[in-house]
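Everything on this sheet refers to the single structure shown next.
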Amino acid sequence: MRTIKYILQKEFIQVLRNKTMLRMIIMLPLMQMLVLVFAATYDLKNVDVYVVDQDLSDASRGLVNHFEASPFFNIHDASFDLEDGMNQLKKEESDFILVIPPDFERSLVRDDKVGVQLLINAIDGNKASLIYQYTRSIISGYNKEVIMKWKSLPEFNPPMRVEFSDSYWFNPELDYKWYMAPGILSILVTIIGMFLSGMNLVREKEMGTIEQLNVTPIKKWQFMVGKLLPFLVIALLDLAFGLVIARVVFNLPIEGSLVLLFGFGALYLVGVLGLGLFISTVTETQQQVMFITFFFMMVFILMGGVFTPVESMPHWAQQLNRINPIYYFIRIMRMVSLKGSGFGDLIQEFFSLTVIGISFLSLAIWRYRKTS
Amino acid sequence: MKQGKIENSEPDTMTATENLSAERTPVISVKNLVKKFGNFVANDHLTFDVFKGEIFGFLGANGAGKTTAMRILCGLSSPTSGELMVSGYDVYKQAELIKRNIGYMSQKFSLYEDMTVAENIRFYAGIYGLSVRQRKEKEQVMLQKLNLESVRDKLIASLPLGWKQKLAFSIALLHDPKIIFLDEPTGGVDPITRRQFWDLIYEAAAEGKTIFVTTHYMDEAEYCSRVSIMVDGRIAALDTPDVLKKQFGADNMNGVFLQLARSATRTD
């Protein structure tokens, strides 16, 4: 234990004396939380609509007004010419075209039904389907209005219909930032932990100080734990810092227990830091560590479900995520902060992270050689 | 005193070594050490003994295999074959026990540049399990002797190389090792500091510590109790400097070295 104490002391002295590192440790959470969370949003705003109104009736204008009144849409341009609209769609000046046919009002009155055409730029499939959803809801709003008008007329029986009302749980206002902030925080903790630990050990190799340590009777596990703990503490401090920013700036609710959150954070970091340390035992320079760590991080982060729901990934990808520590941690972060999940809800994640942590750390200790 | 004894013995390599082994048991005993890196034979059947209190010089051109052999004895590298005992322990099975009894100063300077003198001392003393009281005592004596009390709280990075080397040597002695391995300890250091460094080495040897040192400086070879000269991974000569000079008819160790090293086929 005393040996570990001395290693910890040394590591902290070195980190605190390294001004560049210290600045990164403080700036990274600030930048990530304040810039990325806002930028990485799926909220749909300012969709540019091109209107081709070939009817120019009261009814068609009413529909266009509905779009105009919506905060999501913005009438970018209008004409009678579909060709012109298509050109704008190609140049990405408009996001979608609303085509109202010439007999819109007539059909509406005579046949009780009429169609409009939507032409959506679907390069970004997600955005396109969101536009479609929003458009549907505007049109159904318009429908209701039309029905209401006719209902007031005598001798008119509205058709029977099922009304549904919805309420969103855990994130009632569908604030995308609430969804992103815990995810971005998970990435942040990962970057800090994995890079710092990996680079640190290999730096001792580059400086030659590792030789001096290898001729001491220091034990392999003591050395690894001594290298792991300082960065675990630093990463947890960054987690705390990030949570404060999320709470203050985004008003992120933290429904669950903070102790649970940090406990899981520590468990998660053992795995991530273990992997970082393992990488540094098989490399010789900081450059190599950077490349390999970057590779693992890209895969882990993109597979882990920060930006895309894991449930929509193909089956094999979901299976692969079983060994992806960040997948579990992102889930845990979201569940604890938004849903207030307790330990009982996270037993599965607990076991998985424990197995991953023990495996990566053991791998690092096993691979570290005092004798080459 | 060792020098004297050796000089009195007959100028024959084998006899000198036999005489010594008859008197004392070796602290380092190497028999047929072989180290291969792929097809490259870095150490080709080395056999030698080092005795307590000796300053054992390990000479050779660049690439002759000095550092490789030293790293194996320190437990930093594993031998391909051969019998090796260091401080009474088997290099293969008891490497960690050996580490308690040796000090090592590598070619690459190895104190932490971003920590102060005192912090480096505290760290290494801690790793070797010295108590706080022991450490403070040693630190005071050491800094006084080196006349470096004024830089106790200065970063290592800010000190001149010669001071760093003396510090590194003293820190390698913190845990009272029986054997000290020095790999080219005076590389790039000025002659005065080099002289002071050798005073430290003599002092340690006088306290009964065994010094195993590699060097390129032939004047330093003269300071050693015994010298082994490696050529192409083999030991080409091993005896006291005086015997070697007579044997090769040279005025100084430089002459001895040049005669032997000229036959080398390996260079960097």
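Chains A and B, in that order, are what the protein sequence lines are.
First residue of the first sequence: 3, per my numbering; consecutive thereafter.
First residue of the second sequence: 966, per my numbering; consecutive thereafter.
Glycine residues also receive a C-beta, built at the ideal position from the N, C-alpha and C atoms.
Just so it is clear, the structure is predicted and the values come from calculations on it, not from any experiment.
Just curious, the beta strand (DSSP E) that residue i is in, first and last residue?
{"i": "Ala183 (chain A)", "result": "Unbroken run through Ala183 (chain A) is the alpha helix (DSSP H), Tyr178 to Met209; no beta strand (DSSP E)."}
{"i": "Arg1191 (chain B)", "result": "Arg1191 to Val1196"}
{"i": "Leu1124 (chain B)", "result": "No beta strand (DSSP E) holds Leu1124 (chain B); DSSP gives it neither H nor E."}
{"i": "Val101 (chain A)", "result": "Phe98 to Ile102"}
{"i": "Gly1018 (chain B)", "result": "No beta strand (DSSP E) holds Gly1018 (chain B); DSSP gives it neither H nor E."}
{"i": "Thr1179 (chain B)", "result": "Thr1175 to Thr1180"}
Cα separation between residue i and residue j?
{"i": "Asn1217 (chain B)", "j": "Glu1185 (chain B)", "result": "11 Å"}
{"i": "Gln320 (chain A)", "j": "Ile140 (chain A)", "result": "36 Å"}
{"i": "Lys1031 (chain B)", "j": "Met1195 (chain B)", "result": "7 Å"}
{"i": "Phe172 (chain A)", "j": "Pro255 (chain A)", "result": "9 Å"}
{"i": "Leu241 (chain A)", "j": "Pro1150 (chain B)", "result": "46 Å"}
{"i": "Arg108 (chain A)", "j": "Leu65 (chain A)", "result": "14 Å"}
{"i": "Tyr1188 (chain B)", "j": "Ser374 (chain A)", "result": "32 Å"}
{"i": "Ala987 (chain B)", "j": "Val1015 (chain B)", "result": "Summary for Ala987 (chain B): the model assigns pLDDT 47, below 50, so the residue's position carries little reliability, and this model does not support an answer."}
{"i": "Ile220 (chain A)", "j": "Ile212 (chain A)", "result": "11 Å"}
{"i": "Asn1219 (chain B)", "j": "Thr1179 (chain B)", "result": "15 Å"}
{"i": "Val148 (chain A)", "j": "Asn89 (chain A)", "result": "33 Å"}
{"i": "Leu1076 (chain B)", "j": "Phe298 (chain A)", "result": "33 Å"}
{"i": "Tyr170 (chain A)", "j": "Met196 (chain A)", "result": "36 Å"}
{"i": "Leu998 (chain B)", "j": "Lys1211 (chain B)", "result": "28 Å"}
{"i": "Ala71 (chain A)", "j": "Pro103 (chain A)", "result": "21 Å"}
{"i": "Glu178 (chain A)", "j": "Leu340 (chain A)", "result": "Rather than Glu, the amino acid found at residue 178 (chain A) in this sequence is Tyr. The straight-line gap from Cα to Cα measures roughly 12 Å."}
{"i": "Lys996 (chain B)", "j": "Pro1206 (chain B)", "result": "23 Å"}
{"i": "Ile9 (chain A)", "j": "Tyr136 (chain A)", "result": "58 Å"}
{"i": "Gly228 (chain A)", "j": "Met35 (chain A)", "result": "30 Å"}
{"i": "Gly932 (chain B)", "j": "Ile6 (chain A)", "result": "The question about residue 932 (chain B) has no answer here: the residues shown for chain B are numbered 966 through 1233."}
{"i": "Gln1059 (chain B)", "j": "Asn1066 (chain B)", "result": "11 Å"}
The alpha helix (DSSP H) spanning residue i covers which residue range?
{"i": "Gln1236 (chain B)", "result": "Residue 1236 (chain B) falls outside the range modelled here, since chain B spans only 966 to 1233, and no answer is possible."}
{"i": "Glu1168 (chain B)", "result": "Pro1156 to Ala1171"}
{"i": "Phe297 (chain A)", "result": "Gln288 to Met305"}
{"i": "Val1106 (chain B)", "result": "Val1097 to Leu1111"}
{"i": "Val357 (chain A)", "result": "Ile349 to Arg369"}
{"i": "Val250 (chain A)", "result": "Lys222 to Phe252"}
{"i": "Asp336 (chain A)", "result": "Reading the sequence as shown, one finds Arg at residue 336 (chain A) and not Asp. Residues Pro327 to Arg336."}
{"i": "Leu271 (chain A)", "result": "Leu260 to Thr283"}
{"i": "Leu340 (chain A)", "result": "Here Leu340 (chain A) belongs to no alpha helix (DSSP H), and DSSP marks it neither H nor E."}
{"i": "Ile1037 (chain B)", "result": "Lys1031 to Cys1039"}
{"i": "Asp1138 (chain B)", "result": "In the sequence on display, residue 1138 (chain B) carries Leu and not Asp. No alpha helix (DSSP H) holds Leu1138 (chain B); DSSP gives it neither H nor E."}
{"i": "Asn1219 (chain B)", "result": "Met1218 to Ala1226"}
Going by Cα to Cα distance, which pick from the options is closest to residue i?
{"i": "Leu230 (chain A)", "options": "A:Ala366, A:Ser109, A:Val357 and A:Asn67", "result": "A:Ala366"}
{"i": "Arg369 (chain A)", "options": "A:Gly306, A:Met226 and A:Asp86", "result": "A:Met226"}
{"i": "Met33 (chain A)", "options": "A:Ala248, A:Val274 and A:Met335", "result": "A:Ala248"}
{"i": "Gly1127 (chain B)", "options": "B:Ile993, B:Arg1199, B:Val995 and B:Leu1165", "result": "B:Leu1165"}
{"i": "His336 (chain A)", "options": "A:Leu121, A:Asp50 and A:Gly258", "result": "It should be noted that the sequence gives Arg, not His, for residue 336 (chain A). Cα-wise, what sits closest to Arg336 (chain A) is A:Gly258."}
{"i": "Phe98 (chain A)", "options": "A:Ser72, A:Tyr134 and A:Asp83", "result": "A:Tyr134"}
{"i": "Ala80 (chain A)", "options": "A:Ala71, A:Ala61 and A:Gln56", "result": "A:Gln56"}
{"i": "Gly1028 (chain B)", "options": "B:Cys1039, B:Ala1007, B:Leu1011 and B:Thr1045", "result": "B:Ala1007"}
{"i": "Tyr52 (chain A)", "options": "A:Lys115, A:Pro103, A:Ile122 and A:Met23", "result": "A:Ile122"}
{"i": "Phe296 (chain A)", "options": "A:Thr218, A:Ile194 and A:Phe40", "result": "A:Ile194"}
{"i": "Asp83 (chain A)", "options": "A:Ser364, A:Val37 and A:Val101", "result": "A:Val101"}
{"i": "Phe166 (chain A)", "options": "A:Ser142, A:Val39, A:Met300 and A:Asn67", "result": "A:Ser142"}
{"i": "Gly1153 (chain B)", "options": "B:Leu1132, B:Phe1074 and B:Ser1042", "result": "B:Phe1074"}
{"i": "Phe1023 (chain B)", "options": "B:Gly1198, B:Gln1224 and B:Gly1214", "result": "B:Gly1198"}
{"i": "Leu363 (chain A)", "options": "A:Leu275, A:Ser343 and A:Met3", "result": "A:Leu275"}
{"i": "Asn323 (chain A)", "options": "A:Ser354, A:Thr285 and A:Val338", "result": "A:Ser354"}
{"i": "Asp1148 (chain B)", "options": "B:Pro1044, B:Arg1036, B:Ser994 and B:Thr1012", "result": "B:Arg1036"}
{"i": "Asp359 (chain A)", "options": "A:Gly346, A:Phe69 and A:Asn326", "result": "Strictly speaking, residue 359 (chain A) in this sequence is Gly, with Asp absent from that position. Residue A:Asn326 is the option with its Cα nearest to Gly359 (chain A)."}
{"i": "Thr310 (chain A)", "options": "A:Val116, A:Ala42 and A:Trp223", "result": "A:Ala42"}
{"i": "Leu1095 (chain B)", "options": "B:Met1107, B:Lys1064, B:Leu1139 and B:Ala1122", "result": "B:Leu1139"}
{"i": "Glu1104 (chain B)", "options": "B:Ala1122, B:Thr1081 and B:Leu1124", "result": "B:Thr1081"}
Using the DSSP secondary-structure output, state which residues sit across from residue i in a beta bridge.
{"i": "Asn1008 (chain B)", "result": "B:Lys1000"}
{"i": "Ala80 (chain A)", "result": "A:Val53"}
{"i": "Ala1202 (chain B)", "result": "B:Ile1194"}
{"i": "Leu1147 (chain B)", "result": "B:Met1070 and B:Val1178"}
{"i": "Leu1024 (chain B)", "result": "B:Thr1180 and B:Ile1194"}
{"i": "Leu1120 (chain B)", "result": "B:Thr1081"}
{"i": "Phe75 (chain A)", "result": "A:Val49"}
{"i": "Ile993 (chain B)", "result": "B:Val1015 and B:Val1051"}
- [ ] Report the residue ranges of all alpha helix (DSSP H) runs contained in full by the segment 106–137 of chain A; include only those spanning at least 4 residues, in chain order.
- [x] Taking only runs of at least 4 residues, the alpha helix (DSSP H) segments lying wholly in the segment 106–137 of chain A are 106–113.
TODO: Only counting runs of 3 or more residues, tell me where the beta strand (DSSP E) segments fall wholly within the segment 1042–1070 of chain B, in order along the chain.
DONE: DSSP runs (the beta strand (DSSP E)) wholly in the segment 1042–1070 of chain B: 1046–1051 and 1067–1070.
TODO: Entirely within the segment 6–73 of chain A and at least 3 residues each: give me those beta strand (DSSP E) ranges in chain order.
DONE: Restricted to the segment 6–73 of chain A, the beta strand (DSSP E) segments that are unbroken, complete and at least 3 residues in length are 49–55, listed in chain order.
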